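**Student:** Before we start, here is the structure in question, set down as C-alpha cells.
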Amino acid sequence: MSNERILDVKGLKTQFRIDKQKVAKAVDGIDFHINKGETLAIVGESGSGKSITALSIMQLIPSPPGKIVEGSIELDGVDLLGLSEKQMTATRGNDVAMIFQEPMTSLNPVFTIGTQVSEPLRKHKKLGKKEAKKQTIELLKLVGFPRAEDIFHEYPHQLSGGMRQRAMIAMALSCAPKLIIADEPTTALDVTIQAQILDLMLDMKKKTGSSILMITHDLGVVAETADRVAVMYAGQIVETSTVKELFVKPKHPYTVGLLNSMPKIDQDSERLESIPGMVPPAHNFPQGCRFAPRCKHAMDKCTEAVPDLIEDGLNHKVRCVLYDGSGKGVTHV
Amino acid sequence: MYKYITRRVLQFIPMLFLVTIVVYGLAQAAPGDPLSGEILDPDIPAEVLEERREALGLNDPIPVQYWNWLSSVAVGDFGQSMHYTGRSVADLVTSRIMNTLYLSLFALGVTILVAIPIGIYSSKKPYSLLDYSATTFAFLGLATPNFFAALIAIYFFSFQLGWFPSQGTVSSVGLTGFEYFIDKIRHLILPGFTLGLASTAIYMRYLRTEMLEVMGSDFIRTARAKGLGPSSVLYKHTLRNALIPIITLLGFEFGTLLSGAVITEAVFNYPGLGTLFLNSIQNRDYPVIMAINLILAVTILVGNLLADIFYAIVDPRIRYD
Ligand SMILES: Nc1ncnc2c1ncn2[C@@H]1O[C@H](COP(=O)(O)OP(=O)(O)O)[C@@H](O)[C@H]1O
Ligand SMILES: [Mg+2]
Numbered sequence: 001m002s003n004e005r006i007l008d009v010k011g012l013k014t015q016f017r018i019d020k021q022k023v024a025k026a027v028d029g030i031d032f033h034i035n036k037g038e039t040l041a042i043v044g045e046s047g048s049g050k051s052i053t054a055l056s057i058m059q060l061i062p063s064p065p066g067k068i069v070e071g072s073i074e075l076d077g078v079d080l081l082g083l084s085e086k087q088m089t090a091t092r093g094n095d096v097a098m099i100f101q102e103p104m105t106s107l108n109p110v111f112t113i114g115t116q117v118s119e120p121l122r123k124h125k126k127l128g129k130k131e132a133k134k135q136t137i138e139l140l141k142l143v144g145f146p147r148a149e150d151i152f153h154e155y156p157h158q159l160s161g162g163m164r165q166r167a168m169i170a171m172a173l174s175c176a177p178k179l180i181i182a183d184e185p186t187t188a189l190d191v192t193i194q195a196q197i198l199d200l201m202l203d204m205k206k207k208t209g210s211s212i213l214m215i216t217h218d219l220g221v222v223a224e225t226a227d228r229v230a231v232m233y234a235g236q237i238v239e240t241s242t243v244k245e246l247f248v249k250p251k252h253p254y255t256v257g258l259l260n261s262m263p264k265i266d267q268d269s270e271r272l273e274s275i276p277g278m279v280p281p282a283h284n285f286p287q288g289c290r291f292a293p294r295c296k297h298a299m300d301k302c303t304e305a306v307p308d309l310i311e312d313g314l315n316h317k318v319r320c321v322l323y324d325g326s327g328k329g330v331t332h333v
Numbered sequence: 001m002y003k004y005i006t007r008r009v010l011q012f013i014p015m016l017f018l019v020t021i022v023v024y025g026l027a028q029a030a031p032g033d034p035l036s037g038e039i040l041d042p043d044i045p046a047e048v049l050e051e052r053r054e055a056l057g058l059n060d061p062i063p064v065q066y067w068n069w070l071s072s073v074a075v076g077d078f079g080q081s082m083h084y085t086g087r088s089v090a091d092l093v094t095s096r097i098m099n100t101l102y103l104s105l106f107a108l109g110v111t112i113l114v115a116i117p118i119g120i121y122s123s124k125k126p127y128s129l130l131d132y133s134a135t136t137f138a139f140l141g142l143a144t145p146n147f148f149a150a151l152i153a154i155y156f157f158s159f160q161l162g163w164f165p166s167q168g169t170v171s172s173v174g175l176t177g178f179e180y181f182i183d184k185i186r187h188l189i190l191p192g193f194t195l196g197l198a199s200t201a202i203y204m205r206y207l208r209t210e211m212l213e214v215m216g217s218d219f220i221r222t223a224r225a226k227g228l229g230p231s232s233v234l235y236k237h238t239l240r241n242a243l244i245p246i247i248t249l250l251g252f253e254f255g256t257l258l259s260g261a262v263i264t265e266a267v268f269n270y271p272g273l274g275t276l277f278l279n280s281i282q283n284r285d286y287p288v289i290m291a292i293n294l295i296l297a298v299t300i301l302v303g304n305l306l307a308d309i310f311y312a313i314v315d316p317r318i319r320y321d
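Quick note, the sequences are listed as chains Z and R, same order.
Its first residue numbered 1, the first sequence is counted upward by one per residue in UniProt numbering.
Its first residue numbered 1, the second sequence is counted upward by one per residue in UniProt numbering.
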C-alpha cells in the first residue's frame with residue numbers, strides 16, 4: 001500500500017438552507033484522506049452526515065437547498081470543487097463511482113440491466129454498442145452472474161435486491177475508477193445476502209486494487225472491509241485511526257459507545273449497551289462538544305467550545321477534551 | 001406480452017356486447033318513437049301510423065328487435081335514416097366520419113406537440129417565466145368551456161383578424177391538389193385548437209408533475225453518478241419514465257376527443273359526426289343516433305384497449321407479468 005493519496009478532503013462543509021434563519025450543517029468541516037489501494041470506512045449513526053459527505057465528493061448534493069460552502073476535495077491531485085459541471089460529469093463514473101444503499105430503487109425500471117451497466121463504458125470510454133456489450137457481459141460474470149448473457153437483457157424488476165446490488169457494483173467497476181464510494185451497500189439487504197455482497201466487494205478489491213470509501217453504520221462491516229476508519233458524529237469526524245487500533249484502543253466516548261452496542265460472540269451478557277439519546281438535528285447542534293449531551297464523561301469544559309481533533313498516538317486522532325494533554329482517557333468496557 | 005395482449009383482447013369482446021345492449025336499451029328507453037312526431041299531424045289517421053309501425057317492426061318484442069338490429073349492424077347495415085329519406089345510416093355516417101377523424105387527429109397532434117415540449121421545459125426550469133405562463137394558460141384552458149373558447153377563437157381569429165375561416169370544411173368547391181389540402185388545414189385550425197385546448201392544458205401539467213417527481217428518484221441520481229450529461233439524464237432516463245402514465249392516458253383520449261367534437265363541431269358548423277349526432281337527436285332519427293352512439297362507445301373501448309397495450313409496451317414491469 002503506497003502512501004500516495006488518491007483522495008484528500010480538507011475542511012469540507014456542506015449545508016442545507018432550511019428557511020431564512022435555519023441552516024442544516026450536515027457536514028461541518030471534515031478532513032480525511034484515502035491512500036491508493038486503501039479502504040477507508042466512515043462509520044456513525046444515521047444522520048451523522050455520512051451520505052452527504054459521499055454526495056459532496058460526487059457533487060450530487062441536491063441544490064437548492066444544499067451547497068458545499070467550504071473546503072477542497074482532491075481526487076488524485078485534481079481539486080474536484082474547481083472543476084466545471086461539464087468536467088465533473090466526465091469525472092463521475094469514470095474516475096470516481098458510487099454504489100448506493102437502495103438497490104431496489106437505484107436502477108431505472110424501464111431499461112435493461114445491460115443498457116444501464118454499459119452506459120458508463122459508452123459514455124466515458126466511447127465504446128460502440130458491440131464492444132460495450134462484450135465488456136459488460138464480462139463485468140457481469142466478474143460480479144458473479146453465471147448467466148450473464150441473459151441478465152444483460154433482463155429488467156431490474158426481474159432481479160432480487162442482492163442481484164441488483166451486484167449489477168450496481170458491476171456498473172461502478174466498469175470504467176476502473178480511481179475511487180469507489182459505497183454508501184451502506186449492504187444495509188438494505190438480507191443478512192445472508194449482506195455477507196455475499198461484502199465478500200464480492202473484498203474480492204473485487206483484491207482483483208482491481210481499487211481504493212474504496214466504505215460508508216456504514218455497522219462496525220462489523222468496518223472490521224471486515226476497511227484498513228482505516230473515521231468515526232463521524234454530527235457532521236464532524238470525532239476519531240480516526242487504523243481499524244485494528246480502533247477496536248483495541250478506542251478513545252472517544254462515542255466510539256466506545258458504538259463498540260459497546262455491537263453484539264459480540266464471546267459476551268456472556270445478553271444485553272447490549274446502547275448510547276442514550278439521539279444524534280442532534282443538523283440545524284440545531286449543541287454548544288461545544290456535540291456528543292456531550294449523550295456522554296457519561298461530560299463535564300463543564302465540554303460545553304465551552306468544540307474540542308480540536310488532536311493526535312494521540314501514532315496515526316490516531318480524537319476530538320475530546322479527555323485527550324487534550326491531561327492524558328486521562330476513557331477506560332473502555 | 002402476447003399473453004397479456006390476448007387476455008385484454010378477450011376481455012374486450014364481452015364488453016363490446018354489453019355496449020350494444022346499452023346503446024340499444026338507451027334508444028328504447030327514450031320517450032317517443034320515430035313516428036310520434038307525426039301523430040300531431042291530424043291528417044294522418046292513427047291506423048296508418050299503426051300499419052307503418054307494424055311494417056317497421058316497431059311492435060315486435062324488444063329482444064327480437066335487438067337481435068334483428070344487432071345482426072344487421074354486425075354486417076355494417078345500420079338501416080335507413082328516418083329523417084333523410086332514402087339514405088342509409090351507413091352512408092350518412094361515412095360521409096361525416098372522416099371529417100371528425102381529421103378534426104380529432106388534428107386536436108391530438110396539437111395536444112402532443114404543444115403539451116410535451118412545454119411540459120418538459122416547465123419541469124426543467126420550474127418557477128421560470130415560461131413555467132408560470134404555462135401554468136396560467138393551463139388553468140385558463142381547463143376553466144374555459146369548449147363552446148366559449150370556440151366563440152372567442154371565432155371572434156378574434158376569424159371575425160377581427162380574418163386569419164382563419166370559422167365555418168365548414170372548404171371555402172369553395174373546385175379547389176384541387178395542394179390548394180385543397182391547405183384549405184382543409186385552414187378550416188381545421190380553429191376547431192382543432194379549440195378541441196385540443198383542455199387536453200393540452202391537462203397533459204402539460206401532468207407531464208411537468210411527472211417529470212419533477214421522476215427527477216427526484218434514486219435511479220436518476222444513479223444516472224448522474226455514472227457521469228451521464230444533463231440531456232441524457234433528462235431525455236433518456238427521466239422522460240422515458242414520465243411518459244409512461246402520459247402514453248397510457250392517450251389511449252383514453254380518443255373517447256374524450258370524440259365527445260368533445262360534438263360541441264366543437266356544432267359551434268364551427270363543421271360537417272362531422274358531432275353535427276350529424278345533434279341533428280339526429282333533434283329529428284329523433286334513432287337509427288343514426290344508435291349508430292353514432294355505438295361508434296362512440298366502440299371508440300372508447302378500443303381506446304382503453306390501446307391504453308392497455310401502450311402501457312405494456314412502455315413499461316417492462318407490465319410486459320413481463
Ligand atoms: N436535503 C436535505 N435538506 C436538509 N437537511 C438534510 C438534507 N439531506 C440531509 N440533511 C441533513 O443532513 C444530516 C446528515 O444526513 P446524512 O448524510 O444523510 O446522514 P447519514 O449519516 O445517515 O448518511 C441529517 O441531519 C439530515 O437531516
Ligand atoms: Mg446515509
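Cβ atoms here follow ideal geometry from the backbone N, Cα and C, with glycine treated the same way.
These numbers were taken from a predicted model, which means no experiment stands behind them.
Measuring only the C-alpha atoms, how far is Tyr-233 of chain Z from Ala-225 of chain R?
**Tutor:** Taking the first sequence and counting its residues from 1, the one referred to as residue 233 of chain Z is at position 233. Taking the second sequence and counting its residues from 1, the one referred to as residue 225 of chain R is at position 225. Cα to Cα, Tyr-233 of chain Z sits roughly 26 Å from Ala-225 of chain R.
**Student:** How big is the Cα-Cα spacing for Ala-242 of chain R and Arg-221 of chain R?
**Tutor:** Position 242 of the second sequence holds residue 242 of chain R. Position 221 of the second sequence holds residue 221 of chain R. Roughly 16 Å separates the two Cα atoms.
**Student:** Reducing DSSP to helix, strand and coil, say where Tyr-233 of chain Z ends up.
**Tutor:** As a working note, residue 233 of chain Z is residue 233 in the first sequence. In the structure shown, Tyr-233 of chain Z sits in a strand (DSSP, three-state: E or B).
**Student:** Give the DSSP bridge partners of Phe-252 of chain R, in chain order.
**Tutor:** As a working mapping, residue 252 of chain R is identified with position 252 in the second sequence. Phe-252 of chain R pairs with nothing; no bridge assigned.
**Student:** With Arg-284 of chain R as the anchor, note down where its alpha helix (DSSP H) starts and where it stops.
**Tutor:** Translated into positions along the second sequence, residue 284 of chain R becomes position 284. Premise fails: Arg-284 of chain R is in no alpha helix (DSSP H) and is neither H nor E.
**Student:** Closest Cβ-Cβ distance between Ile-244 of chain R and chain Z: below 9 Å?
**Tutor:** Residue mapping note: residue 244 of chain R aligns to position 244 of the second sequence, counting from 1. For Ile-244 of chain R, the answer is yes, since a Cβ of chain Z falls inside 9 Å of its Cβ.
**Student:** Output needed for Cys-320 of chain Z: all residues of its chain with C-beta closer than 6 Å, excluding positions within five of it in sequence on either side, in chain order.
**Tutor:** Locating residue 320 of chain Z in the first sequence gives position 320, where the first residue counts as 1. Result list for Cys-320 of chain Z: His-252, Pro-307, in chain order.
**Student:** Could you check if residue 346 of chain Z belongs to the surroundings of ligand 1, using beta carbon to heavy atom distance under 8 Å?
**Tutor:** No answer is possible for residue 346 of chain Z: the residues shown for chain Z start at 1 and end at 333.
**Student:** From Val-110 of chain Z to Lys-130 of chain Z, what does the alpha carbon distance come to, in whole angstroms?
**Tutor:** Residue mapping note: residue 110 of chain Z aligns to position 110 of the first sequence, counting from 1. Residue mapping note: residue 130 of chain Z aligns to position 130 of the first sequence, counting from 1. Taking the straight line joining both Cα atoms gives about 21 Å.
**Student:** So if I threshold CB-CB distances at 9 Å, which residues from the segment 213 to 244 of chain R count as touching chain B?
**Tutor:** The question asks about chain B, but that chain is absent: this structure's protein chains are Z and R.
**Student:** Might you give, ordered along the chain, the residues of its own chain that have their beta carbon closer than 8 Å to the beta carbon of Pro-64 of chain Z, omitting 5 neighbours on each side?
**Tutor:** Translated into the one-based positions of the first sequence, residue 64 of chain Z becomes position 64. Answer for Pro-64 of chain Z: Arg-17, listed in chain order.
**Student:** For Ala-297 of chain R, which of helix, strand or coil comes out of DSSP?
**Tutor:** As a working mapping, residue 297 of chain R is identified with position 297 in the second sequence. Here Ala-297 of chain R sits in helix by DSSP.
**Student:** Out of curiosity, what's the CA-to-CA distance linking Glu-38 of chain Z and Leu-173 of chain Z?
**Tutor:** Start at 1 with the first residue of the first sequence, and residue 38 of chain Z comes out as number 38. Start at 1 with the first residue of the first sequence, and residue 173 of chain Z comes out as number 173. Going by the C-alpha atoms only, they are around 16 Å apart.
**Student:** For the alpha helix (DSSP H) that Gly-144 of chain Z lies in, which residues bound it at each end?
**Tutor:** As a position in the first sequence, residue 144 of chain Z is number 144, starting the count at 1. Looking at the DSSP string, Gly-144 of chain Z is not in any alpha helix (DSSP H), and its letter there is neither H nor E.
**Student:** State buried or exposed for Val-333 of chain Z, treating a residue as buried only when at least 16 other CB atoms are found within 10 Å of its CB.
**Tutor:** Position 333 of the first sequence, counted from the start, is the residue given in the question as residue 333 of chain Z. Any reading at Val-333 of chain Z needs caution, since the residue's pLDDT is 43, under 50, leaving its predicted position unreliable; the model's value is listed next. Burial call: exposed.
**Student:** Excluding the five sequence neighbours on either side, which residues of its own chain have a C-beta within less than 8 Å of the C-beta of Gly-25 of chain R, listed in chain order?
**Tutor:** Along the second sequence, read from residue 1 onward, the residue named residue 25 of chain R stands at position 25. Closer than 8 Å at the Cβ level, and outside the excluded window around Gly-25 of chain R, lies no residue.
**Student:** Residues in the segment 76 to 99 of chain R with C-beta within 9 Å of chain Z's C-beta atoms, listed in sequence order?
**Tutor:** The residues in question: there are none.
**Student:** His-83 of chain R to Ala-266 of chain R, Cα distance in whole Å?
**Tutor:** Taking the second sequence and counting its residues from 1, one reaches residue 83 of chain R at position 83. Taking the second sequence and counting its residues from 1, one reaches residue 266 of chain R at position 266. So the two alpha carbons sit approximately 19 Å from each other.
**Student:** For Ala-312 of chain R, which residues from the same chain have a beta carbon less than 8 Å from its beta carbon, with the 5 sequence-adjacent residues on both sides left out?
**Tutor:** Residue 312 of chain R sits at position 312 when you count from the first residue of the second sequence. The residues are Met-1, Tyr-4, Ile-5, Ile-318, Arg-319.
**Student:** Report the three-state DSSP secondary structure of Gly-257 of chain Z (helix, strand or coil).
**Tutor:** Working through the first sequence from its first residue, we reach residue 257 of chain Z at position 257. DSSP places Gly-257 of chain Z in helix when its eight states are reduced to three.
**Student:** Would you kindly work out how many angstroms separate the C-alpha atoms of Arg-7 of chain R and Ile-97 of chain R, rounded to a whole number?
**Tutor:** Counting from 1 along the second sequence, the entry for residue 7 of chain R is found at position 7. Counting from 1 along the second sequence, the entry for residue 97 of chain R is found at position 97. Distance between the alpha carbons of Arg-7 of chain R and Ile-97 of chain R: 30 Å.
**Student:** Can you give the Cα-Cα distance for Leu-179 of chain Z and Arg-5 of chain Z, rounded to whole angstroms?
**Tutor:** Taking the first residue of the first sequence as position 1, residue 179 of chain Z is located at position 179. Taking the first residue of the first sequence as position 1, residue 5 of chain Z is located at position 5. Roughly 11 Å between the two C-alpha positions.
**Student:** In chain R, which residues lie less than 7 Å from residue 370 of chain Z when you measure between Cβ atoms?
**Tutor:** In the structure as shown, chain Z starts at 1 and stops at 333, and residue 370 of chain Z therefore has no counterpart that could be examined.
**Student:** What residue range does the beta strand (DSSP E) around Val-222 of chain Z cover?
**Tutor:** For the purposes of this step, residue 222 of chain Z is identified with residue 222 of the first sequence, where counting begins at 1. Unbroken run through Val-222 of chain Z is the alpha helix (DSSP H), 219 to 225; no beta strand (DSSP E).
**Student:** For Asp-315 of chain R, go through chain Z and note every residue whose CB falls closer than 8 Å to its CB, in chain order.
**Tutor:** For this step, residue 315 of chain R is matched to residue 315 along the second sequence. Ordered by position in chain Z, the residues that pass the 8 Å Cβ test against Asp-315 of chain R are Pro-109, Val-110.
**Student:** Measuring CB atoms only, is the segment 119 to 129 of chain R touching the segment 157 to 176 of chain R, in the sense that at least three cross pairs come out at less than 8 Å?
**Tutor:** The answer is no - the segment 157 to 176 of chain R does not touch the segment 119 to 129 of chain R, with fewer than three Cβ pairs under 8 Å.
**Student:** Within its chain, find whatever has a CB closer than 6 Å to the CB of Val-89 of chain R; leave out the 5 residues flanking it on each side and keep chain order.
**Tutor:** Translated into the one-based positions of the second sequence, residue 89 of chain R becomes position 89. Phe-78, Gly-79, Ser-81, Pro-287, Val-288, Ala-291, listed in sequence order.
**Student:** Here's the rule: buried if 16 or more other CB atoms are within 10 angstroms of the residue's CB, otherwise exposed. What is Glu-102 of chain Z?
**Tutor:** The residue labelled residue 102 of chain Z in the question sits at position 102 within the first sequence. Buried, by the Cβ-count rule.
**Student:** List the endpoints of the continuous alpha helix (DSSP H) containing Asp-91 of chain R.
**Tutor:** Here residue 91 of chain R corresponds to residue number 91 of the second sequence, with the count starting at 1. Taken as a continuous stretch (DSSP letters only), the alpha helix (DSSP H) holding Asp-91 of chain R covers 89 to 124.
**Student:** Ala-150 of chain R and Thr-194 of chain R - do their beta-carbons sit closer together than 9 Å?
**Tutor:** Position 194 of the second sequence, counting from 1, holds the residue named residue 194 of chain R. Position 150 of the second sequence, counting from 1, holds the residue named residue 150 of chain R. It is a contact, given that the beta carbons lie within the stated cut-off.
**Student:** Pairs of beta-carbons, one from the segment 226 to 233 of chain R and one from the segment 77 to 97 of chain Z, closer than 8 Å: are there three or more?
**Tutor:** Segments in contact, yes.
**Student:** Decide yes or no for the touch test of the segment 200 to 213 of chain Z against the segment 32 to 47 of chain Z: beta carbon pairs closer than 8 Å, at least 3 of them.
**Tutor:** These segments touch.
**Student:** Tell me the rounded alpha-carbon separation between His-217 of chain Z and Gly-257 of chain Z.
**Tutor:** As a first step, residue 217 of chain Z is located in the first sequence; it is residue number 217 there, counting from the start. As a first step, residue 257 of chain Z is located in the first sequence; it is residue number 257 there, counting from the start. Cα-Cα distance, rounded: 13 Å.
**Student:** Excluding five sequence neighbours on each side, which residues of the same chain lie with their C-beta closer than 6 Å to the C-beta of Ala-24 of chain Z?
**Tutor:** Taking the first sequence and counting its residues from 1, the one referred to as residue 24 of chain Z is at position 24. Cβ neighbours of Ala-24 of chain Z beyond the five flanking positions: Phe-16, Ile-18, Ala-282, His-283.
**Student:** Anything in chain R within Cβ reach of Pro-120 of chain Z, meaning under 9 Å, just list it in chain order.
**Tutor:** As a first step, residue 120 of chain Z is located in the first sequence; it is residue number 120 there, counting from the start. Neighbours of Pro-120 of chain Z on chain R, chain order: Lys-226, Gly-227, Leu-228.
**Student:** In this structure, how does DSSP classify Ile-187 of chain R when only helix, strand and coil are distinguished?
**Tutor:** As a working note, residue 187 of chain R is residue 187 in the second sequence. One detail in the question is off: residue 187 of chain R reads as His in this sequence, not Ile. In the structure shown, His-187 of chain R sits in a helix (DSSP, three-state: H, G or I).
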